[in-house]
Amino acid sequence: AEFKKLADKRLPPREIDMLNKDESLIQKLNIVAQALVVEKPPELYVSDEELTRSLDKGMYAELPQDHRMLTNEIYKVLYLNNEDPELYNVKFWATHFKIDPSAIRNIFNYLAYPVFDPFSHKLERILYFIDADFVKNSHKLQDVTRKDYMNYLEEDYYRRLEIEAKEMDEELGTQRDLRKM
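According to the numbering used here, the residues represented by the sequence shown are 422 to 602, in order.
Here it is, written out as structure tokens:
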């Protein structure tokens, strides 16, 4: 009842004495404290997946992470690869970005970046990914004849058949030689 009367009135601000305790204020706060029930805050547990999702959306969105590369890193990759394709090859970038080499190859095989002269605004060169391993292997293939290639395919086919046959034989407990068949 006392609080209701005070709530209906507009009271002027009181002068506060900071050196002495205000006993009436302490009594009123104790009455209010008895009416309040304060629940313990829940212990927060955030899974790694939720944390990475929130970080991706928030302040870490512009930082590189595992299995991910930023758009502005692509230009750096192309520039470094054009300077030294042997050093900055697919394996290097796969370990750097922690992405599968075949995915790296698929990404960079379809990218090119033009470099313009800053003064004349003429095209100086176009940066594209130079796959040094692919270039080495293509030089090896130039010396291969059709007959050599057919022999290779036949040997590879029999090798794969033998592997499958061994797996089947292990399951069945038998042995056979495919070349005698």
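Glycine included, each C-beta is placed from N, C-alpha and C at the ideal position.
From a predicted model like this one, the values you see are computed outputs, not experimental measurements.
query: Per DSSP, the bridge partner or partners of Pro535; result: Ile547
query: Endpoints, the alpha helix (DSSP H) within which Met493 is located; result: According to the sequence displayed, residue 493 carries Asn and not Met. It spans Thr492 to Glu504 - the alpha helix (DSSP H) in which Asn493 sits, taken as one unbroken run.
query: N-terminal and C-terminal residue of the alpha helix (DSSP H) that Asn572 is part of; result: Arg567 to Leu593
query: Distance, Asn451 Cα to Asp443 Cα; result: 13 Å
query: Pair within 8 Å by beta-carbon distance, Ile547 and Pro535; result: yes
query: At least three beta-carbon pairs within less than 8 Å, the region 522-531 to the region 560-574; result: no
query: The region 560-567 contacting the region 538-547, beta-carbon criterion three pairs below 8 Å; result: no
query: Nearest-angstrom beta carbon gap, Val498 and Phe529 [assumed within contact, 8 Å]; result: 7 Å
query: Assumed close pair Ala553, Asn510 - CB separation to whole angstroms, cut-off 8 Å; result: 5 Å
query: Cβ pair Met490, Phe513 closer than 8 Å; result: no
query: Assigned exposure category for Asn502 - 16 Cβ within 10 Å defines buried; result: buried
query: Opening and closing residue of the alpha helix (DSSP H) in which Asn558 lies; result: Ala553 to Leu562
query: Terminal residues of the alpha helix (DSSP H) in which Glu423 lies; result: Glu423 to Asp429
query: Whole-angstrom distance between Tyr578 and Tyr500, CA atom to CA atom; result: 41 Å
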